[in-house]
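So the sequence shown is numbered by the working numbering: it starts at 164 and just counts up by one.
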Amino acid sequence: MRSPKIYIARPQVCGTCVHYRQHYVLSEGGRLEPLWYGHCHVPHQGRYPQPDGTCPHWEAYREEPARPR
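Structure, rendered in structure tokens:
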């Protein structure tokens, strides 16, 4: 029996935008944990937009192709 293909659509929100930079904190175990905010590289869009916020400058984050080993 074959499984149906499932397509995952990423919403057009700040957290999936190429201009958004997620902020992290170093935990006690030495791991980086994401915080619920970051910053935007587009001028005048607010200093700390929420990851689920939106704006008219949203661009899809392009995934780089895998490098051959």
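Beta carbons are placed, not taken as given, at the ideal position from N, Cα and C, and that holds for glycine.
- Residue pairing by DSSP places PRO197 opposite TYR187 in a beta bridge.
- Closest in C-alpha terms to ASP215, from the list ARG225, GLY201 and PRO206, comes GLY201.
- TRP221 and ARG194 have their alpha carbons spaced roughly 29 angstroms apart.
- If you compare the alpha carbons of CYS218, GLY178, THR179 and GLN175 with that of PRO206, the shortest gap goes to CYS218.
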